[in-house]
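Engineer: So that we are looking at the same thing, I have put the structure below in structure tokens.
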């Protein structure tokens with residue numbers, strides 16, 4: 086009895102754009118589970134020490150960490166992850182072809198302009214189509230609104246594909 090060839094399902098999405106806010110919230114949801122302890126341990130330690138040793142100065146230092154250092158960390162996240170070419174790639178208008186087990190193909194599309202701005206001059210060059218081999222995808226995370234394809238790179242990179250964009 087001959088085995089049937091391995092058939093994978095190819096899924097093509099409708100054109101979609103990922104908003105930068107969606108990208109940032111996904112970034113935080115992926116980054117925080119790995120690094121939250123680095124933020125929580127000093128805060129909790131100082132607050133506990135301030136309560137155990139009745140010293141208000143330790144509580145004040147914990148509040149300074151909370152209200153000064155953490156926003157600076159958020160700005161670090163923004164500059165380190167959001168101002169990269171990879172983030173630009175993630176938020177451009179595109180269509181994705183998912184060949185599960187083989188590849189993820191990103192087809193970049195021209196930007197939709199409002200009717201009053203219609204002209205023939207492009208704002209930027211549309212990147213060439215990009216094929217991401219399946220072995221370069223570390224994991225697929227399912228959120229409440231999208232598939233998140235986390236790439237196997239030193240810097241945290243991912244592609245967000247909304248459920249609503251997937252053709253039925």
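Residue numbers (the numbering used here): 86 to 253. Note that CB positions come from ideal geometry on N, CA and C, so glycine has one too.
So residue 137 packs on residue 189, CB below 8 Å; how close in whole Å?
Structural biologist: Position 52 of the chain shown, counted from the start, is the residue given in the question as residue 137. Position 104 of the chain shown, counted from the start, is the residue given in the question as residue 189. 52 Å between Cβ atoms; not a contact.
Engineer: Determine the burial state of residue 234: buried for a count of at least 16 other Cβ atoms within 10 Å of its Cβ, exposed for fewer.
Structural biologist: Working through the chain shown from its first residue, we reach residue 234 at position 149. Classification for residue 234: buried.
Engineer: Go ahead and pull the three-state DSSP assignment for residue 221.
Structural biologist: Here the question's residue 221 lines up with position 136 in the chain shown. Of the three classes helix, strand and coil, the one that applies to residue 221 here is helix, per DSSP.
Engineer: Classify residue 179 as buried or exposed, calling it buried when 16 or more other Cβ atoms lie within 10 Å of its own Cβ.
Structural biologist: By 1-based counting over the chain shown, the position of residue 179 is 94. With 16 or more other Cβ atoms within 10 Å, it is buried.
Engineer: Near residue 248, what residues of its chain come up, given a Cβ to Cβ distance below 8 Å and the 5 sequence neighbours on each side ignored?
Structural biologist: Taking the first residue of the chain shown as position 1, residue 248 is located at position 163. Closer than 8 Å at the Cβ level, and outside the excluded window around residue 248, lie 230, 231, 232.
Engineer: Let me know the secondary structure DSSP gives residue 226 once reduced to three states.
Structural biologist: Within the chain shown, numbered from 1, the residue matching residue 226 stands at position 141. Looking at residue 226 - three-state DSSP - the assignment turns out to be strand.
Engineer: Quick one: is residue 165 buried, meaning 16 or more other Cβ sit within 10 Å of its Cβ, or exposed?
Structural biologist: Translated into the one-based positions of the chain shown, residue 165 becomes position 80. Exposed, since its Cβ has fewer than 16 Cβ neighbours within 10 Å.
Engineer: Between residue 222 and residue 120, what straight-line distance do the alpha-carbon atoms span, to the nearest angstrom?
Structural biologist: The sequence position of residue 222 within the chain shown is 137, counting from 1. The sequence position of residue 120 within the chain shown is 35, counting from 1. Going from the Cα of residue 222 to the Cα of residue 120 covers about 21 Å.
Engineer: Would you give the residue range spanned by the alpha helix (DSSP H) that residue 170 belongs to?
Structural biologist: Along the chain shown, one-based indexing puts residue 170 at 85. Unbroken alpha helix (DSSP H) run through residue 170: 170 to 176.
Engineer: Taking the continuous beta strand (DSSP E) assigned at residue 233, which residues delimit it?
Structural biologist: Numbered from its first residue, the chain shown carries residue 233 at position 148. 231 to 236 is the extent of the beta strand (DSSP E) around residue 233.
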